[in-house]
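The number in the numbering used here is simply the position in the sequence shown, starting from 1, with 2 added.
Glycine included, C-beta positions come from ideal geometry on N, C-alpha and C.
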Amino acid sequence: MLIIRAIEDIPDRGIRKGDTFRLFLVDAHHHMGKEKSHRNTPSGAYEFYTSLWFEMQKIATQMREEDKLLFEPIQVVGPSLASRCFESRDSWKRMNHGWLVDKTVVFPYTDDYSKTDNSKDASFKASNDKIAAWTTRAPHSTRLVGFARIDPNDELKSKGLAVKELDRSIHELGLRGLKLHPLAQLFVDSIDDKMTKDIVKRAGELNIPVIFDTRNISTVMKIKNMVETMRNDPDCGTAMRGLRVILAHCGMSPGDSRLYEALKDPAIYAETSTLHDLDVPVLFESAIERLKRLEFKWSEKILFGTDYSFLSVQAADVILYLLSRSFPGTLADAQRILGGNTLSIIKSPFSTIRGESITPAEFTCIDPDGFGQLQLENSLLGLINRDGWDLCSLDQMLPPRGTWPEPLPLSKGGFNGVYLDSYVMCLKSRTLEKELHVWIRRNPGHILLCSILNTHGKSYLDTVENASQCLNPILLRTLSDYSTLLLSASDLPAKVLSHIK
Numbered sequence: 003m004l005i006i007r008a009i010e011d012i013p014d015r016g017i018r019k020g021d022t023f024r025l026f027l028v029d030a031h032h033h034m035g036k037e038k039s040h041r042n043t044p045s046g047a048y049e050f051y052t053s054l055w056f057e058m059q060k061i062a063t064q065m066r067e068e069d070k071l072l073f074e075p076i077q078v079v080g081p082s083l084a085s086r087c088f089e090s091r092d093s094w095k096r097m098n099h100g101w102l103v104d105k106t107v108v109f110p111y112t113d114d115y116s117k118t119d120n121s122k123d124a125s126f127k128a129s130n131d132k133i134a135a136w137t138t139r140a141p142h143s144t145r146l147v148g149f150a151r152i153d154p155n156d157e158l159k160s161k162g163l164a165v166k167e168l169d170r171s172i173h174e175l176g177l178r179g180l181k182l183h184p185l186a187q188l189f190v191d192s193i194d195d196k197m198t199k200d201i202v203k204r205a206g207e208l209n210i211p212v213i214f215d216t217r218n219i220s221t222v223m224k225i226k227n228m229v230e231t232m233r234n235d236p237d238c239g240t241a242m243r244g245l246r247v248i249l250a251h252c253g254m255s256p257g258d259s260r261l262y263e264a265l266k267d268p269a270i271y272a273e274t275s276t277l278h279d280l281d282v283p284v285l286f287e288s289a290i291e292r293l294k295r296l297e298f299k300w301s302e303k304i305l306f307g308t309d310y311s312f313l314s315v316q317a318a319d320v321i322l323y324l325l326s327r328s329f330p331g332t333l334a335d336a337q338r339i340l341g342g343n344t345l346s347i348i349k350s351p352f353s354t355i356r357g358e359s360i361t362p363a364e365f366t367c368i369d370p371d372g373f374g375q376l377q378l379e380n381s382l383l384g385l386i387n388r389d390g391w392d393l394c395s396l397d398q399m400l401p402p403r404g405t406w407p408e409p410l411p412l413s414k415g416g417f418n419g420v421y422l423d424s425y426v427m428c429l430k431s432r433t434l435e436k437e438l439h440v441w442i443r444r445n446p447g448h449i450l451l452c453s454i455l456n457t458h459g460k461s462y463l464d465t466v467e468n469a470s471q472c473l474n475p476i477l478l479r480t481l482s483d484y485s486t487l488l489l490s491a492s493d494l495p496a497k498v499l500s501h502i503k
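So, in structure tokens, the structure goes:
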């Protein structure tokens with residue numbers, strides 16, 4: 003997390019000089035694998051974020067001297083549980099750095115793994131397997147979210163092949179989104195054809211986001227037209243309820259009014275990678291001007307991304323602009339852009355269709371000093387390290403859509419919208435046919451709850467939005483039926499581990 007400090011009093015926001023805040027950063031555009039001279043792995047990502055932090059510090063020093071900053075970046079710290087996961091094994095400790103960015107959405111390059119001589123295999127089958135291997139096992143599963151990559155032209159090899167690979171990637175591998183690259187896979191002219199639309203439709207039905215590479219405004223308009231066509235198609239009703247489309251690179255056209263016409267569509271978002279220097283203020287000033295008087299706030303439509311390893315330190319321009327006097331928004335706007343929007347768009351916790359059904363359980367206790375939760379977390383980390391379980395994901399709870407709060411100073415708790423003490427862990431047994439969610443949350447009054455749930459079926463957790471009105475009503479009834487009140491928080495670890503095993 004990025005720790006920032008107010009350089010002066012900001013009376014209209016209730017901020018005093020010296021107040022410190024923490025921002026949770028998510029990189030919505032990051033490649034892993036290898037493509038010609040480009041190679042990247044999880045450890046490479048963390049090294050990059052370390053370098054980006056050093057570059058930010060250099061630029062920030064100059065901006066401070068020129069009186070351009072309203073908030074100065076002073077430190078980076080890892081979220082406690084994720085950082086402790088890296089510290090829990092000697093071979094992982096060396097990667098416990100690079101915490102400028104807390105979560106990273108990763109997908110394949112047009113990479114060497116995508117070359118296949120087997121006509122029955124989808125082009126990116128091996129690439130998607132590789133991404134899943136990196137992103138669904140500890141410790142990287144605490145920091146990385148894997149997206150599949152699909153080539154619509156696979157439909158020409160075998161009917162239904164592309165959609166089948168998407169289904170496999172989501173249902174069996176547990177990947178959580180889709181990357182499409184019209185230029186690299188040579189379907190720029192057929193974005194709005196049935197072949198591409200069928201894949202996007204399936205993504206909507208699966209309730210996963212789709213990020214399109216967009217190199218120009220023409221591509222943006224084709225995507226916009228495709229979404230509008232789907233909205234008017236009765237066969238796409240279910241898909242439209244789950245569809246979220248991200249325009250990578252903002253079509254490289256931050257000043258074009260047509261970009262903002264596309265962003266007025268409730269299903270379409272923009273991502274910042276490739277923008278730098280004067281492009282950055284153009285994007286945000288145009289967005290705040292052109293996305294007025296809509297049912298959503300302008301800052302809900304923009305996602306921070308880096309496009310590493312094709313690009314590197316350009317991302318510092320975006321982060322520092324959001325901390326500058328020139329930025330027309332608030333800290334809440336900055337937090338949405340830097341991380342909240344991407345987390346909200348992903349929104350569903352990790353799951354696959356594998357694993358036997360378990361009997362759910364919920365344990366409730368009073369934990370005034372947080373020690374019970376710490377003991378439980380340490381017990382779960384021990385389970386991952388010693389007892390044959392993988393940690394497939396760690397997803398923090400979030401505010402409901404459209405209710406993102408202004409970040410509080412650290413002196414008042416430092417809440418920024420991301421619930422660091424309330425989250426979902428997906429655990430998968432390496433030997434048993436078990437996959438389950440461990441859902442931990444802290445409620446007012448020092449109440450600590452831990453639920454153990456199936457990852458699919460009728461009573462499962464389908465969102466990380468921290469509000470009862472957003473939750474599956476069958477799940478709420480099930481938890482009520484299987485709830486146990488514990489007399490002491492110290493009893494919680496043993497109860498939870500006993501139920502898991």
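Contact check, residue i vs residue j, beta carbons under 7 Å
i      : j      : result
Ile290 : Pro330 : yes
Trp441 : Val426 : yes
Val282 : Val229 : no
Ile193 : Lys161 : no
Leu249 : Thr216 : yes
Tyr111 : Gly46  : no
Ile9   : Glu74  : yes
Tyr48  : Met97  : yes
Leu345 : Leu400 : yes
Phe214 : Leu177 : no
Val107 : Val147 : yes
Gly244 : Asn209 : yes
Pro407 : Cys472 : no
Asn130 : Ser90  : no
Gln506 : Leu72  : Residue coverage of the chain in this structure runs from 3 to 503, which leaves residue 506 outside it and unanswerable.
Pro411 : Asp21  : yes
CA-to-CA distance, residue j to residue i, given in whole angstroms
i      : j      : result
Ser53  : Ala363 : 44 Å
Val103 : Val28  : 6 Å
His33  : Lys181 : 10 Å
Thr308 : Ser288 : 21 Å
Ile201 : Ala318 : 34 Å
Lys38  : Ser116 : 12 Å
Lys159 : Ser121 : 7 Å
Leu83  : Arg139 : 15 Å
Leu477 : Glu435 : 22 Å
Lys196 : Met232 : 10 Å
Gly374 : Leu450 : 8 Å
Pro184 : Thr221 : 8 Å
Ser353 : Arg432 : 15 Å
Pro528 : Asp335 : Because the chain is modelled from 3 through 503, residue 528 falls outside the range shown and cannot be assessed.
Ser413 : Pro446 : 19 Å
Lys2   : Asn387 : Not covered by the structure: residue 2. The range shown for the chain is 3 to 503.
Val255 : Glu263 : Looking at the sequence shown, residue 255 is not Val but Ser. Between Ser255 and Glu263, the C-alpha separation is close to 12 Å.
Trp391 : Ser492 : 23 Å
Trp300 : Pro268 : 11 Å
Ile304 : Tyr323 : 14 Å
Asp11  : Gly416 : 18 Å
Pro154 : Ala128 : 16 Å
Cys394 : Arg86  : 16 Å
Local conformation of residue i per DSSP, three classes
i      : result
Phe189 : coil
Ala250 : strand
His99  : coil
Ser143 : helix
Asn490 : Note that residue 490 corresponds to Ser in the displayed sequence, not to Asn. The answer is coil: DSSP assigns Ser490 none of H, G, I, E or B.
Thr106 : strand
Arg444 : strand
Gly497 : Here residue 497 turns out to be Lys, not Gly, going by the sequence shown. Here Lys497 sits in helix by DSSP.
Gly35  : strand
Asp483 : helix
Ser453 : strand
Arg91  : coil
Local Cβ density within 10 Å of residue i, reported as buried at 16 or more and exposed below that
i      : result
Phe56  : exposed
Ser359 : exposed
Asp461 : The identity of residue 461 in the sequence shown is Ser, whereas the question assumes Asp. With 16 or more other Cβ atoms within 10 Å, it is buried.
Ala135 : exposed
Gly2   : The structure shown does not extend to residue 2, since the chain is modelled only from 3 to 503, so the question has no answer here.
Thr274 : buried
Asp14  : exposed
Gly341 : buried
Gln504 : Since the displayed the chain opens at 3 and closes at 503, residue 504 lies outside it and no answer follows.
Cβ-heavy atom distance, residue i to the ligand ZN, below 6 Å
i     : result
Arg91 : No copy of the ligand ZN occurs in the structure displayed, which carries no ligand at all.
task = Tell me the start and end of each unbroken beta strand (DSSP E) in the region 296 to 369 that is at least 3 residues and wholly inside, in chain order.
result = 363 to 368
query = In the region 387 to 433, which residue ranges form an unbroken beta strand (DSSP E) of at least 3 residues, counting only runs that do not cross its ends?
reply = 391 to 399 and 421 to 431
request  = With a floor of 3 residues, list each beta strand (DSSP E) that falls wholly inside the region 190 to 257, ordered by position along the chain.
outcome  = 211 to 215 and 246 to 250
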